[in-house]
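Visitor: Following this message is one structure expressed as structure tokens.
2 protein chains.
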Amino acid sequence: MELWYTDQHTDNVRFSMKVEKELVSLESFYQKINLLKTYDYGKVLVLDGELMITERDEFIYHEMAVHVPMAVHPKVKKVLVIGGGDGGSARELTKYDTIEQIDVVEVDAEVVRICKEFFPEVSDSLSDKRVKIHFEEGIRFARGIYDEYDLIIVDCADPYGPAEGLFTREFYGICWKALKEDGILINQHESPYYEQHARSVQMAHKHIQFSFPYSTVYQCHIPSYPSGHWLFGFASKKYDPIKDLDDEKWNNLGIQTRYYNTKLHQGAFYLPNYVMELLEI
Amino acid sequence: MELWYTDQHTDNVRFSMKVEKELVSLESFYQKINLLKTYDYGKVLVLDGELMITERDEFIYHEMAVHVPMAVHPKVKKVLVIGGGDGGSARELTKYDTIEQIDVVEVDAEVVRICKEFFPEVSDSLSDKRVKIHFEEGIRFARGIYDEYDLIIVDCADPYGPAEGLFTREFYGICWKALKEDGILINQHESPYYEQHARSVQMAHKHIQFSFPYSTVYQCHIPSYPSGHWLFGFASKKYDPIKDLDDEKWNNLGIQTRYYNTKLHQGAFYLPNYVMELLEI
Numbered sequence: 001m002e003l004w005y006t007d008q009h010t011d012n013v014r015f016s017m018k019v020e021k022e023l024v025s026l027e028s029f030y031q032k033i034n035l036l037k038t039y040d041y042g043k044v045l046v047l048d049g050e051l052m053i054t055e056r057d058e059f060i061y062h063e064m065a066v067h068v069p070m071a072v073h074p075k076v077k078k079v080l081v082i083g084g085g086d087g088g089s090a091r092e093l094t095k096y097d098t099i100e101q102i103d104v105v106e107v108d109a110e111v112v113r114i115c116k117e118f119f120p121e122v123s124d125s126l127s128d129k130r131v132k133i134h135f136e137e138g139i140r141f142a143r144g145i146y147d148e149y150d151l152i153i154v155d156c157a158d159p160y161g162p163a164e165g166l167f168t169r170e171f172y173g174i175c176w177k178a179l180k181e182d183g184i185l186i187n188q189h190e191s192p193y194y195e196q197h198a199r200s201v202q203m204a205h206k207h208i209q210f211s212f213p214y215s216t217v218y219q220c221h222i223p224s225y226p227s228g229h230w231l232f233g234f235a236s237k238k239y240d241p242i243k244d245l246d247d248e249k250w251n252n253l254g255i256q257t258r259y260y261n262t263k264l265h266q267g268a269f270y271l272p273n274y275v276m277e278l279l280e281i
Numbered sequence: 001m002e003l004w005y006t007d008q009h010t011d012n013v014r015f016s017m018k019v020e021k022e023l024v025s026l027e028s029f030y031q032k033i034n035l036l037k038t039y040d041y042g043k044v045l046v047l048d049g050e051l052m053i054t055e056r057d058e059f060i061y062h063e064m065a066v067h068v069p070m071a072v073h074p075k076v077k078k079v080l081v082i083g084g085g086d087g088g089s090a091r092e093l094t095k096y097d098t099i100e101q102i103d104v105v106e107v108d109a110e111v112v113r114i115c116k117e118f119f120p121e122v123s124d125s126l127s128d129k130r131v132k133i134h135f136e137e138g139i140r141f142a143r144g145i146y147d148e149y150d151l152i153i154v155d156c157a158d159p160y161g162p163a164e165g166l167f168t169r170e171f172y173g174i175c176w177k178a179l180k181e182d183g184i185l186i187n188q189h190e191s192p193y194y195e196q197h198a199r200s201v202q203m204a205h206k207h208i209q210f211s212f213p214y215s216t217v218y219q220c221h222i223p224s225y226p227s228g229h230w231l232f233g234f235a236s237k238k239y240d241p242i243k244d245l246d247d248e249k250w251n252n253l254g255i256q257t258r259y260y261n262t263k264l265h266q267g268a269f270y271l272p273n274y275v276m277e278l279l280e281i
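From first to last, the protein sequence lines stand for chains R and W. When you line the first sequence up against UniProt numbering, it's residues 1 to 281, in that order. When you line the second sequence up against UniProt numbering, it's residues 1 to 281, in that order.
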């Protein structure tokens, strides 16, 4: 017997991986959670049928979410991660000694429990004493917080299910208030390629622009995600992602990465024409 | 009934597209040729079961193969395209008035015939009076040519079938001889991501380095190709792909592109750490 997991990239495009065995299959209060062991992508976390992270290429996503803002902002002490219950963003953040507090706000405690048990390479740093996990909805947690965080990372699922509220103008306004006067907001920004995603990308960018004076996107190659061409949003009150990049300082930190470097940091902001047109950049 | 075409990215990873109808299915002297009309990728050319180009994203491949060297080399007059029977590379080349001759060397006349009939958006410029099509093997055509071309583009299939010879040290040596003293060689260089491809990338790069003083790779996002993270090789006798980029001159040409621009040109050479390690760059 062969077991294959298929992620539906669009109604007419499918991406499938051969599965060695299913490690977890359960239904939490919020969603269906599956953890698969695949041949080429290692362990794979699937929520409500949609691929979240794979052991093989999660480093690209998490390095790009974290090190881009960290190489720009001169002194990040307090970080809010919305979503990110797998612990990958926290893992990259804990590489910085200067960070004092990391609040991870994950709605589903089962995701954290399963990642801690089956995905220690990703989730181990959730036990770091600077990391506090809050089992709560991201919007509810952030609402009413003012001038507190240097960096907010929105590390969430696609905007078609429970994460829909994390792509709204209201939510980005809440983030703006929760950030200090020189804070940076990073959000997973979908792919510009397939039409359905492209519309989300366009809307999210418009909503962020409404609140933040600096707002652009940067790209990376994530093979297991639809089209492989993935965007993050970089929004900030003060810092420009290229002019304020302190490459010398970052390189002197000696942080080990497999995807990110400060040259690639710059290149990630040099977008294809069709993406600039989509976002009116 | 639903019809799906599946491209096997590895033994354990599949990429599938829903097919509206099959337009062509035949066996030429060299290979099996299929042309499919798909829902999300438009027309798709398949040779021996492997996806070659799609109507939807071929612009990325062909723009990146052509405009990167054209924005670096100051006066390209004569170009050799090895493979490229679909006409996409020729189409981008004919946008330059300064180019006087484009030799397209395609082994399989049936590929050209089918693309002319079914893929006019890609193949139309094969009728440009500067384009000469030679139905011959690439190595055989280039062997014995000395000091003749300003630019050679190796626009071929994966190195596991008929195109295997186009990834050898011998072939790159032949290209070196066929190029003028300031010539540039561009070759499609596979993906660095999946292990099987990564080994080809590594070998091809070593072989090119053996002949050319300047040798590096650059990347782009091609959603329909394995991993979506695609490389081209840039090898040259004289020009550096970034230092010798004449962005002002290129931008003044007013050439319309949907992916390429001179900022992205630079960014394409800023590679992830794991790719630099693979290639020892």
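We put the CB at the ideal spot given by N, CA and C, even for glycine.
1) Check Arg-130/R in the structure and name its three-state DSSP category.
2) For Ala-90/R, tell me which candidate among Ile-208/R, Met-52/R, Asp-124/R, Ala-157/R has the shortest Cα-Cα distance.
3) Do the segment 215-235 of chain W and the segment 209-229 of chain R make contact, defined as three or more Cβ pairs closer than 8 Å?
4) Run through DSSP, which three-state label would Lys-116/R get?
5) Using a threshold of 8 Å, state whether the C-beta atoms of Leu-264/W and Tyr-160/R are closer than that.
6) Assign Phe-86/R to buried or exposed, taking buried as 16 or more other Cβ atoms, counted over all protein chains shown, within 10 Å of its Cβ.
7) What are the complete beta strand (DSSP E) segments, minimum 3 residues, inside the segment 67-94 of chain W?
8) Which residue or residues does DSSP assign as beta-bridge partners of Ser-28/W?
9) When we look at the beta-carbon of Ser-25/W and count the other beta-carbons within 10 Å, is it buried (16 or more) or exposed?
10) Of all the beta strand (DSSP E) runs that stay within the bounds of the segment 191-231 of chain W, which reach a length of 3 or more residues?
11) Do we get a CB-CB distance below 8 Å when we pair Leu-271/W with the residues of chain R?
12) Closest by CA to Trp-4/R, which one among Thr-10/R, Val-19/R, Asp-11/R, Tyr-274/R?
13) In chain R, what lies closer than 9 Å to Met-17/W by C-beta?
14) Closest to Tyr-193/R by CA distance: which of Val-131/R, Gln-202/R, Asn-187/R, Lys-75/R is it?
15) Name, in chain order, the residues that DSSP records as bridge partners for Ala-235/W.
16) Thinking just about the alpha-carbon of each residue, which of Asp-240/R, Ser-28/R, Thr-10/R is nearest to the one in Met-70/R?
17) Is there a C-beta anywhere in chain W that falls below 8 Å from the one on Thr-216/R?
18) Can you tell me which of the three DSSP states Ile-102/R falls into?
19) Within 8 Å, do at least three Cβ pairs link the segment 68-83 of chain W to the segment 144-153 of chain W?
20) Just checking: is the beta-carbon of Gln-196/R within a distance shorter than 8 Å of some beta-carbon in chain W?
21) Can you give me the C-alpha to C-alpha distance between Ile-99/W and Lys-75/W, rounded to a whole angstrom?
22) When we look at the beta-carbon of Asn-252/R and count the other beta-carbons within 10 Å, is it buried (16 or more) or exposed?
23) Within 10 angstroms of the Cβ of Met-1/R, are there 16 or more other Cβ atoms? Answer buried if so, exposed if not.
24) Please confirm if Tyr-61/R has its CB atom under 8 Å from at least one CB of chain W.
25) What are the residues that DSSP puts in a beta bridge with Ser-16/R?
26) What is the residue span of the beta strand (DSSP E) that Met-52/R lies within?
27) In the structure shown, what three-state DSSP assignment does Asn-273/R receive?
Guide: Quick answer:
1) When DSSP states are grouped into helix, strand and coil, Arg-130/R belongs to the coil group.
2) Taking Ala-90/R as reference, the option from Ile-208/R, Met-52/R, Asp-124/R, Ala-157/R with the minimal CA-CA separation is Asp-124/R.
3) Contact between the segment 215-235 of chain W and the segment 209-229 of chain R is established, with three or more Cβ pairs separated by less than 8 Å.
4) Note: Lys-116/R maps to helix in three-state DSSP.
5) With respect to the 8 Å criterion, Leu-264/W and Tyr-160/R are not classified as neighbours on the basis of their beta carbons.
6) The amino acid occupying residue 86/R in the given sequence is Asp; Phe does not appear at that position. With 16 or more other Cβ atoms from the protein chains shown falling within 10 Å of its own Cβ, Asp-86/R counts as buried.
7) Secondary structure in the segment 67-94 of chain W: the beta strand (DSSP E) runs of 3 residues or longer, each lying completely within the stretch, are 78-83 in chain order.
8) Its beta-bridge partners do not exist; DSSP assigns none.
9) With fewer than 16 other Cβ atoms within 10 Å, it is exposed.
10) If we require 3 residues or more, the beta strand (DSSP E) runs fully inside the segment 191-231 of chain W come out as 214-221.
11) For Leu-271/W, the nearest beta carbon of chain R is closer than 8 Å to its own beta carbon.
12) Nearest of Thr-10/R, Val-19/R, Asp-11/R, Tyr-274/R to Trp-4/R, Cα basis: Val-19/R.
13) Scanning chain R for C-beta atoms nearer than 9 Å to the C-beta of Met-17/W yields Asn-12, Val-13, Arg-14, reported in chain order.
14) Minimum Cα distance to Tyr-193/R is reached at Gln-202/R.
15) The beta-bridge partner set that DSSP reports for Ala-235/W consists of Leu-185/W, Ser-215/W.
16) Its Cα nearest to that of Met-70/R, the residue Asp-240/R stands out among Asp-240/R, Ser-28/R, Thr-10/R.
17) Not an interface residue.
18) Here Ile-102/R sits in strand by DSSP.
19) Counting Cβ pairs under 8 Å, three or more are found: they touch.
20) Using beta-carbon distances, Gln-196/R does not count as an interface residue toward chain W, since no partner is under 8 Å.
21) C-alpha separation (whole angstroms): 8 Å.
22) The residue in question, Asn-252/R, is exposed, as its Cβ has fewer than 16 Cβ neighbours within 10 Å.
23) Met-1/R comes out exposed.
24) Interface annotation, Tyr-61/R: not in contact with chain W, CB-CB separation never under 8 Å.
25) DSSP output for Ser-16/R lists Thr-6/R, Arg-14/W as bridge partner(s).
26) Per DSSP, the continuous beta strand (DSSP E) segment holding Met-52/R begins and ends at 50-54.
27) Note: Asn-273/R maps to helix in three-state DSSP.
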